[in-house]
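**Q** If you read the sequence shown in the numbering used here, its first letter stands for residue 2, the second for the next number, and so on.
Backbone N, C-alpha and C define an ideal beta-carbon position, used for all residues, glycine too.
What follows is a single structure, and I will ask about it in a moment.
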Amino acid sequence: MSQNKISGAIPAELGNLKNLQILQLESNELTGQIPNEMGNLIQLLKFNLSRNHLTGDIPKSLGKLSKLNYFDLSSNKLKGSIPKDLGNCESLLSLNLSQNSFSEVIPSELGTIPSNLAKQKVLQNLNLSHNQLSGKISSSLSTGMISLDTIDLSYNNLSGPIPLFPHTVEKVFNGNPLLCGDAKGLSPCPDLSFKSSKSKVRHRNIIKLHGFCSIDNYLYLAYEFVERGSLSKLLYSPEAASALNWDTRVKITELEPRLSDFGTARLLSTDSSNLTKPAGSYGYMAPELSFCMLMTTKSDVYSFGVVGLEVMMGRHPAELLSTTLATDQDLIMKDITLDNRLPPPKDKIAEEVKVVLNALLACTLYAPGSRPTMRFVAQQLTRTQTCGALSVQLHDKA
2 MSQNKISGAI
12 PAELGNLKNL
22 QILQLESNEL
32 TGQIPNEMGN
42 LIQLLKFNLS
52 RNHLTGDIPK
62 SLGKLSKLNY
72 FDLSSNKLKG
82 SIPKDLGNCE
92 SLLSLNLSQN
102 SFSEVIPSEL
112 GTIPSNLAKQ
122 KVLQNLNLSH
132 NQLSGKISSS
142 LSTGMISLDT
152 IDLSYNNLSG
162 PIPLFPHTVE
172 KVFNGNPLLC
182 GDAKGLSPCP
192 DLSFKSSKSK
202 VRHRNIIKLH
212 GFCSIDNYLY
222 LAYEFVERGS
232 LSKLLYSPEA
242 ASALNWDTRV
252 KITELEPRLS
262 DFGTARLLST
272 DSSNLTKPAG
282 SYGYMAPELS
292 FCMLMTTKSD
302 VYSFGVVGLE
312 VMMGRHPAEL
322 LSTTLATDQD
332 LIMKDITLDN
342 RLPPPKDKIA
352 EEVKVVLNAL
362 LACTLYAPGS
372 RPTMRFVAQQ
382 LTRTQTCGAL
392 SVQLHDKA
């Protein structure tokens, strides 16, 4: 009954023909869903409903067709997921579900190997192309389908590496932008091997580096998870910034936050203070590092001062710092405008803010020799917790 102009729905009564072995209704104008009663045709060898206008899902009952050799539902308007029950059609030689709108993942049951029998072990041709399938391709499709000659999964939304198929299998995977592997039309898979960190740095304020990997020539670092996220995220969020009150901001400058990467360490030779290229974040690097590639212990002091001023001002002090570079005049207290999203600090916390700002201004002095050491800054900031307000003139005590 193929290649006619038969229209309408497939009669459910066809399911009563339990001795039927071949049912070919391809290239007609059939509409509606595939009746569940088709699962009663347990003697069926060939079932072809391709090139019609069928809609809906594939009935799970078709998984009972254990003698079926050829199954073709291509070029319809079927959707949903491919039922796992098709893995029970253990006599299939050819399965064509292409040119539909099937979504979700390819069921691994199509190629899994149970303890007593390898399902789909005789399947030779599998075509699931031109659908909307997503996810990774299960390795069971290559290990379970031992008789496979051709597999076409092109033009879907599949991702990840393709399984290793025997070289005798004709493979078509193009049209899946997120798929990778050794096949025509695909990009090589990136090196995702994860290298564990051998760093021996241990400190309560330093975030543990677990390891790293390289993807597309970019280096990715895997750190211990920090639940509340980064300081930048909080500081520049209109909702979260108000939660950073003056007491919290003072504590942040008192070295209570947790730190991750130190960008200059990996580029600096152990026997030299000179760099051959910038290392660090622009806007936070000391002038001698930015312009002369000269790294000193006071360079990190400057960076600390910039971050601290950013915390207290609620914005990066780039404009102020550029003025000091142009005029050779260092910042003073009256140059600083505190974050206006918070009410001005009062009483004891106001005095502590002054102490912190004095320290931060000293850290951002243009000349490295005029900056205090980080040890001295830490000592002065720590004292604000126990001694109340201090008026400190910070100088280099090294």
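If you draw a straight line from the C-alpha of valine 357 to the C-alpha of glycine 182, how long is it?
**A** Here residue 357 corresponds to residue number 356 of the sequence shown, with the count starting at 1. Here residue 182 corresponds to residue number 181 of the sequence shown, with the count starting at 1. Distance between the alpha carbons of valine 357 and glycine 182 is about 56 angstroms.
**Q** For leucine 187, which option in Glu171, Ile163 and Ile208 has the closest C-alpha, if you only look at C-alpha atoms?
**A** For the purposes of this step, residue 187 is taken as the residue at position 186 of the sequence shown. The shortest Cα separation from leucine 187 among Glu171, Ile163 and Ile208 belongs to Ile163.
**Q** Check lysine 78 in the structure and name its three-state DSSP category.
**A** By one-based count along the sequence shown, residue 78 stands at place 77. If DSSP states are grouped into helix, strand and coil, lysine 78 belongs with the strands.
**Q** What are the start and end residues of the alpha helix (DSSP H) that includes aspartate 301?
**A** Residue mapping note: residue 301 aligns to position 300 of the sequence shown, counting from 1. Aspartate 301 -> alpha helix (DSSP H) spans 298 to 314.
**Q** Which class does alanine 223 belong to by DSSP, given the choice of helix, strand or coil?
**A** Within the sequence shown, residue 223 is the residue found at index 222, counting from 1. Strand, per DSSP.
**Q** In this structure, how does DSSP classify serine 67 when only helix, strand and coil are distinguished?
**A** The residue labelled residue 67 in the question sits at position 66 within the sequence shown. DSSP places serine 67 in coil when its eight states are reduced to three.
**Q** Distance check for proline 12 and glutamate 30, CA to CA, integer angstroms please.
**A** The count along the sequence shown starts at 1 and reaches residue 30 at position 29. The count along the sequence shown starts at 1 and reaches residue 12 at position 11. The alpha-carbon atoms of glutamate 30 and proline 12 are separated by roughly 14 angstroms.
**Q** Answer yes or no: do phenylalanine 48 and phenylalanine 72 have a C-beta to C-beta separation smaller than 9 angstroms?
**A** For this step, residue 48 is matched to residue 47 along the sequence shown. For this step, residue 72 is matched to residue 71 along the sequence shown. In contact: phenylalanine 48 and phenylalanine 72 (Cβ atoms closer than 9 angstroms).
**Q** Out of curiosity, what's the CA-to-CA distance linking isoleucine 333 and leucine 321?
**A** As a position in the sequence shown, residue 333 is number 332, starting the count at 1. As a position in the sequence shown, residue 321 is number 320, starting the count at 1. Cα to Cα, isoleucine 333 sits roughly 10 angstroms from leucine 321.
**Q** Since leucine 124 contacts leucine 93 with CB under 8 angstroms, what's their CB separation in whole angstroms?
**A** Within the sequence shown, residue 124 is the residue found at index 123, counting from 1. Within the sequence shown, residue 93 is the residue found at index 92, counting from 1. Confirmed, Cβ separation roughly 5 angstroms.
**Q** Whose CA, out of Asp58, Leu15 and Ser28, lies closest to the CA of leucine 42?
**A** As a working mapping, residue 42 is identified with position 41 in the sequence shown. Among Asp58, Leu15 and Ser28, the Cα nearest to that of leucine 42 is on Leu15.
**Q** Hey, is valine 308 close to the ligand FAD, as in C-beta under 8 angstroms from one of its heavy atoms?
**A** Annotation note on the ligand FAD: not contained in the displayed structure, which lists no ligands.
**Q** How far does the beta strand (DSSP E) with threonine 56 in it reach, from first residue to last?
**A** Indexing the sequence shown from 1 puts residue 56 at position 55. Where threonine 56 is concerned, the enclosing beta strand (DSSP E) stretches over 54 to 57.
**Q** Could you give the DSSP three-state label for valine 173: helix, strand or coil?
**A** Working through the sequence shown from its first residue, we reach residue 173 at position 172. If DSSP states are grouped into helix, strand and coil, valine 173 belongs with the strands.
**Q** With a CB to CB cut of under 7 angstroms and the five nearest residues on each side skipped, what residues in its chain are close to tryptophan 247?
**A** The count along the sequence shown starts at 1 and reaches residue 247 at position 246. For tryptophan 247, where only same-chain residues beyond five positions count, the Cβ hits under 7 angstroms are Leu343, Pro346, Ile350 and Val354.
**Q** I need the boundaries of the alpha helix (DSSP H) containing cysteine 364, first residue and last residue.
**A** Taking the first residue of the sequence shown as position 1, residue 364 is located at position 363. Run containing cysteine 364: 348 to 364, per the alpha helix (DSSP H) assignment.
**Q** Which of helix, strand or coil does DSSP assign to asparagine 29?
**A** Here residue 29 corresponds to residue number 28 of the sequence shown, with the count starting at 1. Three-state DSSP puts asparagine 29 in coil, outside helix and strand.
**Q** Consult DSSP for serine 135 and reduce its assignment to one of helix, strand or coil.
**A** To locate residue 135, count along the sequence shown from 1; it is residue 134. If DSSP states are grouped into helix, strand and coil, serine 135 belongs with the strands.
**Q** Mind reading off the beta-carbon distance from valine 170 to aspartate 153? Whole number of angstroms is fine, and I expect it under 8 angstroms.
**A** Here residue 170 refers to the residue found at position 169 when the sequence shown is read from its first residue. Here residue 153 refers to the residue found at position 152 when the sequence shown is read from its first residue. That pair is no contact at about 11 angstroms.
**Q** Please classify serine 8: does DSSP put it in a helix, a strand, or coil?
**A** Taking the sequence shown and counting its residues from 1, one reaches residue 8 at position 7. If DSSP states are grouped into helix, strand and coil, serine 8 belongs with the strands.
**Q** Glycine 81 to tyrosine 224, Cα distance in whole Å?
**A** For this step, residue 81 is matched to residue 80 along the sequence shown. For this step, residue 224 is matched to residue 223 along the sequence shown. Rounded to whole angstroms, glycine 81 to tyrosine 224 spans 39 angstroms at the Cα level.
**Q** Out of curiosity, what's the CA-to-CA distance linking serine 67 and aspartate 86?
**A** Here residue 67 is taken as the residue at index 66 of the sequence shown, counted from 1. Here residue 86 is taken as the residue at index 85 of the sequence shown, counted from 1. Distance between the alpha carbons of serine 67 and aspartate 86: 11 angstroms.
**Q** Could you tell me the alpha carbon to alpha carbon distance between serine 231 and tyrosine 237, rounded to whole angstroms?
**A** Taking the sequence shown and counting its residues from 1, the one referred to as residue 231 is at position 230. Taking the sequence shown and counting its residues from 1, the one referred to as residue 237 is at position 236. Those two C-alpha atoms are separated by around 10 angstroms.
**Q** What does the Cβ neighbour count give for asparagine 341, buried or exposed, with the cut at 16 atoms within 10 Å?
**A** Working through the sequence shown from its first residue, we reach residue 341 at position 340. Exposed, since its Cβ has fewer than 16 Cβ neighbours within 10 Å.
**Q** Excluding the five sequence neighbours on either side, which residues of its own chain have a C-beta within less than 8 angstroms of the C-beta of leucine 21, listed in chain order?
**A** On the sequence shown, residue 21 is found 20 positions in, with the first residue counted as 1. Correct list, in chain order: Leu15, Leu42, Gln44 and Leu45.
**Q** Span of the alpha helix (DSSP H) holding threonine 151?
**A** The residue given as residue 151 occupies position 150 in the sequence shown. Premise fails: threonine 151 lies in the beta strand (DSSP E), 151 to 153, not in any alpha helix (DSSP H).
**Q** The beta strand (DSSP E) with serine 451 in it runs from where to where?
**A** Absent from the model: residue 451. The displayed extent of the chain is 2 to 399, so no value can be given.
**Q** Using only CA atoms, which one of Leu180, Gln34, Leu310 and Ile147 lies nearest to lysine 61?
**A** Start at 1 with the first residue of the sequence shown, and residue 61 comes out as number 60. Checking every option, the nearest Cα to that of lysine 61 belongs to Gln34.
**Q** Starting from asparagine 143, trace the alpha helix (DSSP H) both ways and give me its first and last residue.
**A** Looking up residue 143 in the sequence shown gives position 142. The sequence shown places serine at residue 143, not asparagine. Its alpha helix (DSSP H) spans residues 141 to 144.
**Q** Assuming the contact rule is C-beta atoms closer than 8 angstroms, asparagine 101 and leucine 74 should be a hit. Round their C-beta distance to whole Å, please.
**A** As a position in the sequence shown, residue 101 is number 100, starting the count at 1. As a position in the sequence shown, residue 74 is number 73, starting the count at 1. The Cβ separation is near 7 angstroms, so the contact holds.
**Q** Could you tell me the boundaries of the alpha helix (DSSP H) in which leucine 232 lies?
**A** The residue you call residue 232 lines up with position 231 of the sequence shown. 232 to 236 is the span of the alpha helix (DSSP H), which, as asked, contains leucine 232.
**Q** Less than 9 angstroms between the C-beta atoms of phenylalanine 305 and cysteine 364, yes or no?
**A** Within the sequence shown, numbered from 1, the residue matching residue 305 stands at position 304. Within the sequence shown, numbered from 1, the residue matching residue 364 stands at position 363. Yes, the Cβ-Cβ distance between phenylalanine 305 and cysteine 364 is below 9 angstroms.
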